[in-house]
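For reference, the structure is listed below as structure tokens.
2 protein chains.
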Amino acid sequence: MSDKNGKKSDIISVAKAARVSPSTVSRYFNHPELLKLTTRRRIEKAVRKEGYIRNRAAQTIHGIRSGTIGVLVPTIDHTIFAEVVQAFSDAVAEEGFTILLASHGYDPQREYAILRKFLEHRVDGIALTGLDHDEAVFQLIESQDVPTVLMWNYAEDSLYPSIGADNELAGQMISQHVLALGHREVACLFAPGAGNDRAKARSRAILNTLAAAGVAVPQDWQLTTVYSVSESKRQAFALFSSAKRPTALICGNDILATGAIYAAARAGLKLPDDISIVGIGDFKGSSEFEPGLTTVRLPARRIGRRAGMTLAAAIKDPKADRTGAHCAPELVVRGSCRAI
Amino acid sequence: MSDKNGKKSDIISVAKAARVSPSTVSRYFNHPELLKLTTRRRIEKAVRKEGYIRNRAAQTIHGIRSGTIGVLVPTIDHTIFAEVVQAFSDAVAEEGFTILLASHGYDPQREYAILRKFLEHRVDGIALTGLDHDEAVFQLIESQDVPTVLMWNYAEDSLYPSIGADNELAGQMISQHVLALGHREVACLFAPGAGNDRAKARSRAILNTLAAAGVAVPQDWQLTTVYSVSESKRQAFALFSSAKRPTALICGNDILATGAIYAAARAGLKLPDDISIVGIGDFKGSSEFEPGLTTVRLPARRIGRRAGMTLAAAIKDPKADRTGAHCAPELVVRGSCRAI
DNA sequence: AATAGTTTTGCAAATGTTTTCATAAATTGC
DNA sequence: GCAATTTATGAAAACATTTGCAAAACTATT
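Protein chains in written order, with our numbering: chain G, 42 to 381; chain P, 42 to 381.
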């Protein structure tokens, strides 16, 4: 706001320094091609001298885009979301947008409150995580009609363009693989479904696919644990220490699988001879375990990038293609699951 | 901007609906205690009916704070930064701020450009990662005098309040531990120091501490690798497969150590009997390995939270205490490093 | 050198708020 | 029931810009 002399530097002070009118300075930034080369130079010098920095807030009240996009994720510090956010941010940065980032911790109330905040800032677009959201959330978006995308999960009939993987399909793929390898004694380790349609879709699909093949997962082999290596390690360890052990453990995501792998090590079980473990996600590092984790890749970076590009396009051109995109999951077979 | 009827809804339309003047509506939001209860009710109803959402952009040009803080990290999708950002975001959210997040990928040019963007948005505060930045960056901050904190690394004499761990000390601590356990054949695996004062400080301290104890690390045992499990695994595997093996490997951070651990598994080496491996960071999950990773904890969450609180305080009260804070690193001894 | 045409610039209104100051309304004391 | 306070509201200026329109400054043409 102030240059080295402490004077505030606005478009007017620049205009004075360049001996032109404020309008001309405005044009210098917004339509430079309308200016004579010499005035352009003069203004450039004045801008530098005054240390002037454009004020987007003042532009925004003229209906000009704010250049911000609100990104709302459950938590930032989970590999998956961090990757999506990184890719998203990079993609929209190329188009000149900056992201407002917030996390709601799976709390619908907070999600609504944050969304309101985003709208107060007059974000040009909104990216939410997952398909399911409070009715109030959708109403708010509808009423303000801000371009919106839903990331991470994919469904053809989602309310807003969804860009992500079909989590149901992912669950199906991994269980089919496990079945194909001959496993019939299968346990599951899921993330809690509350406020998390991705987790819900996966566990549903896994259980259904197994059931369809005649494999029923007993109640005490259906474990649920928060998204955390240590928690899943504890749970899996308990499972492995019990009298009857499954031949395979299907985990709702790779983090859970990581915990399970460590639990197996602690329990003295060798992968994949003593126990098969699979995950969903193919997070950074999942390929590096010894043996590598068999999983279903959900292309986080691709999703983030694509979501960002779609949203940026929708903002720049309201008539742009607003259909979602399915970033197909992909079975990645490594050494952690063997045939029986 | 528009309610369900497509009419734009601003403070004036609300005023009309409530049959009061715009000033009164403004007061309803900013100084509700000045209003009569009945008018307050009337306005409340009108706001709801019109679906009005405050416009921070319009407030901001009145010199009112924008309610945003610019956070600039090298990359978002590395555990450490994700954790810091999460904690930071939570802390400032409590004070009503939303973060503008961007990553520069260790490119000073981009850092400067992003900073400018932040300032265009009239952020109320800025959080940068690390102590070292381009002269231009500091000049820009200086000229706009925006409250600023430097996160992650700590130094008493930093240009702006720094809140983080003393990375030099961390490097010292881990190498002292390794030395104390009797290791003399020590190899190192560092992250590249370019544009990364944290990495630089650590490797410097490690080498110095070892040297001071009379342990010289031969050139071909000083490995450098990008921040990636797969890369460090490759490098460590090469090291472990060579004719002469060190008794201990000190890694610049836990991610690198993770790769090294997998490399050991692949090379058929048992931890800690055949090789000792240590890291720096104590990232999520480092405790769960079998055996757990001996490392130096850098309290990411505490740093993020503290940085957020300090910055928020500095914004709200320009005379607030602006000294940094040292979140001391802490040696965490687990099973991955044994005495010789 | 005058005219017509084109390019460049400035004026003034507009944007959505906040805030100061003044006025109107309500409350109190008598 | 009236003046003196106190409280609640409105009018208008201010904030930092953009933009439509008109005026001024150039160029090209004759």
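Glycine included, each C-beta is placed from N, C-alpha and C at the ideal position.
Predicted model, so just to flag it, every value in this text is computed and none were measured.
Output the distance between the C-alpha atoms of residue i and residue j, rounded to the nearest integer angstrom.
| i | j | result |
| --- | --- | --- |
| G/L310 | G/H218 | 22 Å |
| P/G326 | G/F278 | 16 Å |
| P/L290 | P/H119 | 22 Å |
| P/L352 | G/G92 | 24 Å |
| P/S43 | G/R157 | Any reading at P/S43 must be qualified, since the residue scores a pLDDT of 38, below 50, and its modelled position is unreliable; the value itself is stated next. Roughly 14 Å separates the two Cα atoms. |
| P/A380 | P/V256 | 16 Å |
| P/A56 | G/V337 | 55 Å |
| G/G349 | G/P188 | 12 Å |
| G/A58 | G/R81 | 13 Å |
| G/S199 | G/D175 | 14 Å |
| G/N208 | G/A242 | 6 Å |
| P/E183 | P/E135 | 27 Å |
| G/R346 | G/A168 | 12 Å |
| G/E371 | G/H103 | 46 Å |
| G/K274 | P/E329 | 8 Å |
| P/D314 | P/T288 | 9 Å |
| P/L78 | P/F70 | 13 Å |
| G/A206 | G/F324 | 14 Å |
| P/A235 | P/V270 | 19 Å |
| P/T170 | P/P115 | 7 Å |
| P/C368 | P/R106 | 29 Å |
| G/D186 | G/N294 | 34 Å |
| P/Y147 | P/P340 | 22 Å |
| P/S203 | G/I117 | 23 Å |
| G/A177 | P/R97 | 22 Å |
Just verifying my parser: in three-state terms, what is the DSSP assignment at residue i?
| i | result |
| --- | --- |
| G/T364 | coil |
| G/N208 | helix |
| P/A289 | strand |
| G/R375 | coil |
| P/S216 | helix |
| P/N194 | strand |
| G/T299 | helix |
| G/Q185 | coil |
| G/G322 | strand |
| P/F231 | strand |
| G/T389 | Residue 389 of chain G is absent from the structure shown; chain G starts at 42 and stops at 381. |
| G/L172 | coil |
| G/A369 | coil |
| P/I356 | helix |
| G/I110 | strand |
| P/T139 | strand |
Here's the rule I'm using: 16 or more other beta-carbon atoms within 10 Å means buried, otherwise exposed. How should residue i be labelled?
| i | result |
| --- | --- |
| P/I53 | exposed |
| P/T139 | buried |
| G/G300 | buried |
| P/H72 | exposed |
| P/V267 | exposed |
| P/R239 | buried |
| P/H162 | buried |
| G/Q180 | exposed |
| G/V133 | buried |
| G/S377 | buried |
| P/T335 | buried |
| G/D358 | exposed |
| P/A128 | buried |
| P/V374 | exposed |
| P/G137 | exposed |
| G/G111 | buried |
| G/K49 | exposed |
| P/A304 | buried |
Please look up how many angstroms separate the CB atoms of residue i and residue j, rounded, as I've assumed it's under 8 Å.
| i | j | result |
| --- | --- | --- |
| G/G108 | G/D165 | 7 Å |
| P/L191 | P/L172 | 6 Å |
| G/I296 | G/I318 | Not really, about 13 Å apart at Cβ, beyond 8 Å. |
Looking at residue i and the ligand SAM, is the gap between the Cβ and the nearest heavy atom below 7 Å?
| i | result |
| --- | --- |
| P/D173 | Here there are no bound small molecules, and the ligand SAM is not part of this structure. |
Report task. May I ask you to verify whether the segment 225-232 of chain G touches the segment 241-255 of chain G, counting CB pairs closer than 8 Å and requiring at least 3? Result -> yes
Query raised in the report: If we count Cβ pairs, one from each stretch, closer than 8 Å, do we get three or more for the segment 76-87 of chain G versus the segment 125-143 of chain G?
Result: no
Query raised in the report: When the Cβ atoms of the segment 116-132 of chain G are set against those of the segment 208-215 of chain P, are three or more pairs found closer than 8 Å?
Result: no
Query raised in the report: For the segment 352-364 of chain P against the segment 147-156 of chain P, are there 3 or more C-beta pairs whose distance is under 8 Å?
Result: no
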